[in-house]
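Working notes, beginning with the structure itself.
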DNA sequence: ATACCGACCTGTCAGC
DNA sequence: TGCTGACAGGTCGGTA
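Residue numbers (the numbering used here): 1442 to 1713.
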């Protein structure tokens, strides 16, 4: 489901509501897929500890976990990746347990943090010490580093944008939307994109991500944030999901092709 | 080393 | 009313 703007929205919502709360107990379901660390390890890292901060890194949500007693600062982190359909919900304990609930954290404030994920592409893990993420943060990278990412790559520019080892957090929607704004066809070889076009892409990508965060992300089918609220950036999509509809700039029908197994949308006239 | 492609899952929707 | 196939915001590992 979620790309950078959605994960950012969820992380901010969670941070606002449960930073400082204490995890009293952890229940993990019996489906093995969501657990990237052993269940016993996840439980032992979390139970009896404080959630001291919640932040996004790429598409990961990083819960910083610290012991209650100060002194030995055994820092650890709980890492949640939402995959395609993962959701984190804050619920009162009496709320009905949704189908496909794979984890429940009981908090000292009497609330529960629940992880629900029908397709089970999401992943839960714990790390000791700092979480090390790959790739550059698209909202922070400067033009020079950004340009270097694509140097000599024969892969389509869109595949490069989706490669989390280069940039972390860009997914299918925002790859298509930023390429449209930059006037670049998604199937162009990365190495064949000119410096001037990369400069446009660098700017377009940040612009699209920032606008999307402002609007709470894109709700395409069932995405909701930590408060159960939908985002509104889907109303601003110019190409994603608009195949056959007129380009908003030139009226040419938007085309849909498949690149690296992902649906890709572009205007054949505005994007070169 | 790099880059496609299927696999991993469930749910929904269109078409017959 | 089914049934089937295509498709969905992501990532990984095998293969070429």
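By construction, the Cβ of each residue, glycine as well, lies at the ideal position given by its N, Cα and C atoms.
Host alpha helix (DSSP H) of residue i (start-end)
| i | result |
| --- | --- |
| residue 1588 | 1584-1590 |
| residue 1656 | Run containing residue 1656: none; DSSP gives neither H nor E here. |
| residue 1448 | 1445-1459 |
Residues near residue i in its chain [Cβ-Cβ closer than 7 Å; skip 5 each side]
| i | result |
| --- | --- |
| residue 1472 | 1543 and 1561 |
| residue 1676 | none |
| residue 1668 | 1454 |
| residue 1654 | 1446, 1449 and 1450 |
| residue 1508 | 1490 and 1515 |
| residue 1650 | 1445, 1446, 1579, 1580 and 1615 |
| residue 1452 | 1495, 1496, 1497 and 1502 |
Supposed close pair residue i, residue j - CB separation, criterion 8 Å
| i | j | result |
| --- | --- | --- |
| residue 1550 | residue 1477 | Rounded, the Cβ-Cβ distance is 27 Å, inconsistent with contact. |
| residue 1568 | residue 1617 | No, residue 1568 and residue 1617 are not in contact; Cβ-Cβ is about 32 Å, not under 8 Å. |
| residue 1556 | residue 1521 | 7 Å |
| residue 1475 | residue 1558 | 6 Å |
| residue 1506 | residue 1517 | 5 Å |
Same chain only: Cβ atoms within 8 Å of residue i, ignoring 5 sequence neighbours per side
| i | result |
| --- | --- |
| residue 1488 | 1464, 1465, 1466 and 1467 |
| residue 1696 | 1684, 1706, 1707, 1708 and 1709 |
| residue 1456 | 1494, 1495 and 1496 |
| residue 1575 | 1499, 1605, 1606 and 1609 |
| residue 1691 | 1708, 1710 and 1711 |
| residue 1460 | 1492, 1493, 1494 and 1495 |
| residue 1693 | 1687, 1708, 1709, 1710 and 1711 |
Cβ shell of residue i (< 6 Å), same chain only, five flanking positions each side left out
| i | result |
| --- | --- |
| residue 1645 | 1619, 1622 and 1623 |
| residue 1698 | 1705 |
| residue 1594 | 1601, 1631 and 1632 |
| residue 1484 | 1467 |
| residue 1469 | 1480 and 1544 |
Where the beta strand (DSSP E) containing residue i begins and where it ends
| i | result |
| --- | --- |
| residue 1517 | 1517-1522 |
| residue 1469 | 1464-1469 |
| residue 1706 | 1703-1707 |
| residue 1699 | 1696-1700 |
| residue 1557 | 1553-1557 |
Spatially closest choice to residue i from the options, by CA coordinates
| i | options | result |
| --- | --- | --- |
| residue 1612 | 1474, 1659 and 1595 | 1659 |
| residue 1642 | 1602, 1674 and 1666 | 1602 |
| residue 1445 | 1593, 1524 and 1711 | 1524 |
| residue 1702 | 1688, 1573 and 1627 | 1627 |
| residue 1700 | 1531, 1599 and 1661 | 1599 |
| residue 1501 | 1664, 1540 and 1572 | 1572 |
| residue 1540 | 1657, 1526, 1552 and 1666 | 1526 |
Quiz item: Hey, which unbroken runs of the beta strand (DSSP E) at 3 residues or more fall wholly within the region 1565-1639?
Solution: none
Quiz item: In the region 1480-1551, which residue ranges form an unbroken beta strand (DSSP E) of at least 3 residues, counting only runs that do not cross its ends?
Solution: 1491-1498, 1501-1507, 1517-1522, 1528-1532 and 1542-1548
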